[in-house]
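What follows is a short report on a single structure.
There are 2 protein chains.
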Amino acid sequence: MRLVIARCSVDYVGRLTAHLPMAPRLILIKADGSVSIHCDDRAFKPLNWMNPPCKIREDDGTWTVTHSKTGEKLILTMDEIMHDSKHELGVDPGLQKDGVEAHLQELLAEHITTLGAGYTLVRREYMTAIGPVDILCRDQSGATVAVEIKRRGEIDGVEQLTRYLELLNRDPLLAPVRGVFAAQEIKPQAKVLAMDRGIDCVTLDYDGLRGIEPENPTLF
Amino acid sequence: MRLVIARCSVDYVGRLTAHLPMAPRLILIKADGSVSIHCDDRAFKPLNWMNPPCKIREDDGTWTVTHSKTGEKLILTMDEIMHDSKHELGVDPGLQKDGVEAHLQELLAEHITTLGAGYTLVRREYMTAIGPVDILCRDQSGATVAVEIKRRGEIDGVEQLTRYLELLNRDPLLAPVRGVFAAQEIKPQAKVLAMDRGIDCVTLDYDGLRGIEPENPTLF
DNA sequence: GTATTTATTTCGTGC
DNA sequence: GCACGAAGTAAATAC
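So the sequences go chain by chain: A and B.
First residue of the first sequence? That's 1 in the UniProt record's numbering, and the numbers climb one at a time after it.
First residue of the second sequence? That's 1 in the UniProt record's numbering, and the numbers climb one at a time after it.
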């Protein structure tokens, strides 16, 4: 990893055209070949960057970064270099995550009666021609129920579930199939659309499903 | 801006829970208060980060970064600090962009006959109760045409246009309204769905519309 | 301020 | 390798 602090201007030509006027910035050159240009705000997002694979040519005061496949170009005009250092970091063991949609799906599948007494799981990721239904289950009367799970329930999710339902209801072995839209939080517009299409909405309590009391003060 | 190279392990508790084992990394502390932890690959994306506003407490070998509003926490356990430097960058003049969807819409409105001879523009951003139709125009026969523009045409765009068409066709002054899905690139699935719904697909040539020959060798 | 849409989205996963 | 869905999405824009 190479860290350069320099007064520079930058021009990008590729998927779009963009220009950065002359100013002091951080230029971050990683071992993977990527280049990113940071200012002192915008959190972790760089002002401009180039993804690998790319080639860097340093030519007098002009650095040209060219993407090896698309031909995109990043041209840095260097005015003054204030800092330039290199560091060996090695390969990173990487990030372990927890708490995303996959986990919500696992938890709801384990506690399918959250949707109502007598519910039974058919299977998770039930494949159809247009994609996997998150959860397929049956209600207390034995009727098929398709569940779409989102962390945040928006209109797109309702559309997605609608397409699945349309398809599933063509299958005489499954029909009639009811829909349930389950999310940690459901936007009002999504709720209206779901209701209009006869889809039930369920708000999921992640901590409750996980068995951790939400009022647990050790988290956060 | 402060640049620290250190062997550290990181724990994040907030919107999700995540852990980074001990390894050498870059810790980037910006003047806006943000903290991001980079390894030597993954291009410009950090392994972990904290957005402003947040507070950093350095306590022996443990750095605790706490988000001031949500209470999210990033805990860095520092093993060895290999580099630590500070740099004044000042406020950045910022990025000037060109070439996004708004520009595509302008260009297509200016060259509406791209859709066919005799086409005439009614207006851009034609407002409806459920949102603005990108372009409303009439074909050579005087029939109304609603155009949805995307940079990359996917299934969501077809759904969106479908909702507009359904609404517009309830207006006796406009009906019957035909749909055109225009994008620089249209995904096969979106094309199939559009066809199925009687919506025409048009692939836009950005450079052609802009009046620059696509074979111009100075770009890229 | 809330809701919607875009993004040089990036990133993972299944086929 | 391509297509689709999710993201600690973030950011801009419309309402």
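All residues carry an ideal CB built from backbone N, CA and C; glycine is no exception.
- For residue 39 (chain B), the residues of chain A that pass the 7 Å Cβ criterion are 89, 92, in the order they occur in the chain.
- The distance from the Cβ of residue 43 (chain B) to that of residue 32 (chain A) is about 7 Å, consistent with a contact at the 8 Å cut-off.
- If the five residues before and after residue 149 (chain B) are omitted, its C-beta is found closer than 8 Å to the C-beta atoms of 101, 104, 105, 108, 134, 135, 182, 183, 204, all from its own chain and listed in chain order.
- Per DSSP, residue 141 (chain A) has no beta-bridge partner at all.
- Contact annotation: residue 190 (chain B) and residue 131 (chain B) have beta-carbon atoms that are not nearer than 7 Å.
- For residue 96 (chain A), at least one C-beta of chain B is nearer than 7 Å to its own C-beta.
- Excluding its 5 nearest sequence neighbours in each direction, residue 51 (chain A) has C-beta neighbours in its own chain below 8 Å: 34, 67, listed in chain order.
- Take residue 125 (chain A), set aside five residues on each side of it, and the residues of its chain with a beta-carbon closer than 6 Å to its own are 132, in chain order.
- With contacts defined as CB atoms closer than 7 Å, residue 82 (chain B) and residue 29 (chain B) fail to qualify as a contacting pair.
- Among the CB atoms of chain A, none fall inside 7 Å of the CB of residue 76 (chain B).
- Boundaries cannot be given for residue 87 (chain A), as no alpha helix (DSSP H) includes it and DSSP labels it neither H nor E.
- If only complete runs of 3 or more residues are kept, the UniProt domain "Endonuclease NucS C-terminal" (100–215) of chain B shows the beta strand (DSSP E) at 120–128, 131–138, 144–153, 177–186, 200–203, in order along the chain.
- Boundaries of the beta strand (DSSP E) harbouring residue 48 (chain A): 48–50, taken from the DSSP string.
- Listed in chain order, the positions of the UniProt domain "Endonuclease NucS C-terminal" (100–215) of chain A with a beta carbon within less than 8 Å of a beta carbon of chain B are 100, 156, 159.
- Sorting A:141, A:142, A:160, A:129 by C-alpha distance to the C-alpha of residue 170 (chain A) places A:129 at the top.
- Collapsing the DSSP output to three states places residue 68 (chain B) in coil.
- Rounded to the nearest whole angstrom, the CA to CA distance from residue 15 (chain B) to residue 111 (chain B) is 46 Å.
- Straight-line spacing of the CA atoms in residue 196 (chain A) and residue 158 (chain A) works out to 11 Å.
- Listed along chain B are 43, 44, each with a C-beta nearer than 8 Å to that of residue 36 (chain A).
- For residue 208 (chain A), the closest of A:45, A:53, A:114, A:88 by C-alpha to C-alpha distance is A:114.
- Residue 173 (chain A) counts as exposed, since fewer than 16 other beta carbons sit within 10 angstroms of its beta carbon.
- The Cβ of residue 24 (chain B) sits closer than 7 Å to at least one Cβ of chain A.
- Cα atoms of residue 145 (chain B) and residue 127 (chain B): separation of roughly 14 Å, rounded to the nearest angstrom.
- The straight-line gap separating the alpha-carbon atoms of residue 167 (chain B) and residue 180 (chain B) is approximately 15 Å.
- The Cβ of residue 30 (chain A) sits closer than 7 Å to at least one Cβ of chain B.
- Taking CB atoms only, residue 64 (chain A) has no neighbour in chain B less than 7 Å away.
- The Cβ atoms of residue 37 (chain B) and residue 47 (chain B) sit closer than 7 Å to each other.
- DSSP places residue 18 (chain A) in the strand class (E or B) of the three-state scheme.
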